[in-house]
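Engineer: In case it helps, mature numbering (1 follows the signal peptide of the UniProt record, and there is no 0) puts the sequence shown at residues -21 to -1, 1 to 152.
From the three backbone atoms N, C-alpha and C, an ideal C-beta is built for every residue, glycine too.
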Amino acid sequence: MAPSTNLSLLLTISMIFISHAISRTSSPNLYKSVCKEIGKEPYEQPCLKLLETYPQITSAIDYLTFSRLFLRIVAIDNATKVQHKVKEMTKKYPSSQAIKGCNIHYDVIVDELTGALDEDKIYISLDVVYAFDALEKCSLVNEKIFNISSISTMNSEMELILAIISSAANHVL
């Protein structure tokens, strides 16, 4: 065989291996894997329902792209909305230490999610862990001043959002 034939054969085989390697790591149904990996059965269907409303996210083919899109389009926006609602509750119930605490913790959640988007990919998981910690601290079990169901609902929704980004971010490294 001529050297150019060997080179062509080698190049063809290399391209086949590269295309197989790429197809195994990227999937147009990546979002379904993320929802399945959350690990809490009641969250899988709400996860799918949430993500399927964002075609830009569902078309992500790698975990880093998915994570950044989800942070930018869903997580930070939702966390900021809850943060504003909690701030309003703080004004309405200024004597509630629990609400004041949630106010501080939602500031942390927004900061951590924003940081996860802006920082190097190796810090995404760590920022999400810090956001989860802040969310856990926003528990109003001892609150007696008002009905806490609205904050509990917002916390549950935020828990789903953090679980989604955590599931995806664990694959980024």
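(1) Assuming Y33 and I52 make a contact with CB atoms under 8 Å, what is their CB distance in whole Å?
(2) Just curious, the alpha helix (DSSP H) that K116 is in, first and last residue?
(3) Rounded C-beta distance between A110 and L50? I'm assuming under 8 Å.
(4) How far does the alpha helix (DSSP H) with G94 in it extend, from its first residue to its last?
(5) Which stretch, first to last residue, makes up the alpha helix (DSSP H) that contains K100?
(6) Is the beta carbon of Y22 closer than 8 Å to that of A58?
(7) Looking at F45 and A147, is the spacing between their C-beta atoms short of 8 Å?
(8) Rounded to whole angstroms, what is the Cα-Cα separation between I78 and Q24?
(9) Alpha carbon to alpha carbon, how far is K28 from D90?
(10) Starting from S135, trace the alpha helix (DSSP H) in both directions and tell me its first and last residue.
(11) Looking at D106: is its Cβ nearer than 8 Å to the Cβ of E98?
(12) Using the rule of at least 16 other Cβ atoms within 10 Å of the residue's Cβ for burial, across every protein chain shown, is residue 159 buried or exposed?
(13) Do C117 and C81 have their C-beta atoms within less than 8 Å of each other?
(14) From L41 to M133, what does the alpha carbon distance come to, in whole angstroms?
(15) Report the option in Y72, V61, S38 whose CA atom is closest to the CA atom of I140.
(16) Quick check on the DSSP output: the alpha helix (DSSP H) that includes D41 runs from which residue to which?
Structural biologist: This is what the structure gives:
(1) Stepping through the sequence shown from its first residue, residue 33 is reached at position 54. Stepping through the sequence shown from its first residue, residue 52 is reached at position 73. Indeed, because the Cβ distance is near 6 Å, the residues count as touching under 8 Å.
(2) On the sequence shown, residue 116 is found 137 positions in, with the first residue counted as 1. Here the alpha helix (DSSP H) through K116 covers 103 to 116.
(3) As a position in the sequence shown, residue 110 is number 131, starting the count at 1. As a position in the sequence shown, residue 50 is number 71, starting the count at 1. At roughly 10 Å, the Cβ-Cβ gap does not stay under 8 Å, so A110 and L50 are not in contact.
(4) Locating residue 94 in the sequence shown gives position 115, counting from the first residue. For G94, the uninterrupted alpha helix (DSSP H) segment begins and ends at 76 to 97.
(5) One-based indexing of the sequence shown puts residue 100 at position 121. First-last for K100: undefined, no H or E at that position.
(6) Translated into positions along the sequence shown, residue 58 becomes position 79. Translated into positions along the sequence shown, residue 22 becomes position 43. Between A58 and Y22, the CB-CB gap reaches or exceeds 8 Å.
(7) Against the sequence shown, residue 147 aligns to sequence position 168. Against the sequence shown, residue 45 aligns to sequence position 66. Taking 8 Å as the cut-off, the beta carbon of A147 is found closer than this to the beta carbon of F45.
(8) Taking the sequence shown and counting its residues from 1, one reaches residue 78 at position 99. Taking the sequence shown and counting its residues from 1, one reaches residue 24 at position 45. Per the coordinates, the alpha-carbon of I78 lies some 30 Å from the alpha-carbon of Q24.
(9) Residue mapping note: residue 28 aligns to position 49 of the sequence shown, counting from 1. Residue mapping note: residue 90 aligns to position 111 of the sequence shown, counting from 1. Taken atom to atom, the span from the alpha-carbon of K28 to that of D90 is near 26 Å.
(10) Residue numbering aside, residue 135 sits at position 156 when the sequence shown is read from its first letter. That run of the alpha helix (DSSP H) goes 128 to 148.
(11) The sequence position of residue 106 within the sequence shown is 127, counting from 1. The sequence position of residue 98 within the sequence shown is 119, counting from 1. Yes, they are a contact pair.
(12) Absent from the structure is residue 159, since the part of the chain shown begins at -21 and ends at 152.
(13) Sequence index remark: in the sequence shown, residue 117 carries index 138 (1-based). Sequence index remark: in the sequence shown, residue 81 carries index 102 (1-based). Yes, Cβ-Cβ distance for C117 and C81 is below 8 Å.
(14) Locating residue 41 in the sequence shown gives position 62, counting from the first residue. Locating residue 133 in the sequence shown gives position 154, counting from the first residue. As written in the sequence, residue 41 is Asp, which differs from the Leu given in the question. Distance from the CA of D41 to the CA of M133, rounded to the nearest whole angstrom, comes to 29 Å.
(15) Here residue 140 is taken as the residue at index 161 of the sequence shown, counted from 1. Of the residues Y72, V61, S38, the one whose Cα lies closest to the Cα of I140 is V61.
(16) By one-based count along the sequence shown, residue 41 stands at place 62. Run containing D41: none; DSSP gives neither H nor E here.
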